[in-house]
Amino acid sequence: MCGIFGILAKAEADLPRPLLESAIRELFILSETRGKESSGIAVRGSADRTLHVTKDDIPASELIRSAEYRRFLDKALGPSYSDGQRELAAIAHSRLVTNGSQENNTNNQPCIKDGVVMVHNGIVTNVAELWERYAGRIERRYEVDTEVIASLFRLFLKEGLGPVEAIRKVFSEMEGAASVAILLEDSSQVLLATNTGSLYFLEDPAGSLVFASEEYIARSFTE
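The number in the working numbering is simply the position in the sequence shown, starting from 1, with 24 added.
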C-alpha cells in the first residue's frame, strides 16, 4: 500500500511559507514508512490556479533533498507568496508499488489523466473489467490502477454529475480499496474521499487542514 497526505489552506490562514514547507517535509518523511519506491506532490496556489506537479522513482526523503524539488517549490509557491494570496492546496504520495513499474514515471503519483490530478492509497482489484466495461468511453495509457479512477471520475463529470456524486459512482463501480485526494485542472475544488474510512484530518481554526491516509501519521505530525 501507499501513503497519501496533503495540506489545504484558506487565504485567511496566513500560513508562512517556511512553516508550510516544514510541514510538507515532515509529512513526507512520516509517509515514507508506507512506501519508498517513488514519491510526488501536486500544488495549486491562488496566484494563477496552475497545477504544479513533481514526482520521481525515489523515496520521499531523497525527493525533498533534491534541487528539482527546491525549484518545484519556488515555482509552485512563489507566485502565491509574492502577491500575498496564500490560499493553496497540496496533495502528495509515497508509493509502495503494487502494479505499474515506478521506472515509468507516468505510473507514479500524483496520477495525471484527463485533467484530473490525484493521489490514491489502496488497490483496485477489477481494473481490467472496468477498462473493458467502459471501452470506447475511456482510454488506458498507463499501467497503474489509479488511472482508471481518474478516467472514470472525469467521465462521470462530463456526464453531468458533481464531484461528490462522480466519486461515489466510481466507488460503486470499482472493487477494492481507495482513499483519494483529487485536484482538477478546470476547477478550484479539492475532493477528499475514501471507501475504507482511511482518511484522517487535523483542522486549524485559522483556516488550514492537514490530512493523511494513516492515523499514526496524523498523530505523529501533531507531536
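Every residue, glycine too, gets a C-beta built ideally from N, C-alpha and C.
On a predicted model such as this, the values are computed, not experimentally measured, just so you know.
Assumed close pair residue i, residue j - CB separation to whole angstroms, cut-off 8 Å
i	j	result
Asn-219	Ala-201	7 Å
Gly-64	Ala-116	7 Å
Ser-118	Arg-73	Going by Cβ atoms, the distance from Ser-118 to Arg-73 rounds to 26 Å, so no, they are not a contact pair.
Ala-66	Val-141	5 Å
Phe-52	Ser-237	So it is not a contact: roughly 13 Å between Cβ atoms.
Phe-235	Phe-225	5 Å
Gly-69	Pro-103	6 Å
Whole-angstrom distance between residue j and residue i, CA atom to CA atom
i	j	result
Lys-34	His-76	18 Å
Lys-137	Val-148	17 Å
Ser-106	Glu-36	16 Å
Ile-82	Lys-60	7 Å
Ile-88	Arg-49	7 Å
Arg-165	Ser-222	28 Å
Glu-86	Thr-78	13 Å
Ile-31	Met-198	27 Å
Leu-101	Tyr-240	28 Å
Asp-210	Gly-139	7 Å
Residue i vs residue j beta-carbon contact at 7 Å
i	j	result
Leu-181	Ile-162	no
Leu-176	Val-194	yes
Asn-132	Ser-203	no
Gly-27	Ser-46	no
Leu-39	Ser-232	yes
Val-143	Asp-169	no
One or two residues paired with residue i in a DSSP bridge
i	result
Arg-68	Leu-75, Ala-113
Ala-35	According to DSSP, Ala-35 bridges with nothing at all.
Per-residue burial, residue i [other beta carbons within 10 Å of its own, 16 or more giving buried]
i	result
Pro-134	buried
Glu-171	buried
Ala-91	exposed
Ala-159	exposed
Val-188	exposed
Glu-111	buried
Ala-242	buried
Contact test: residue i Cβ vs the ligand GDP heavy atom, cutoff 6 Å
i	result
Leu-87	Annotation note on the ligand GDP: not contained in the displayed structure, which lists no ligands.
Beta carbon proximity, residue i to chain C, threshold 7 Å
i	result
Arg-161	You won't find chain C in this structure, because it holds only one protein chain.
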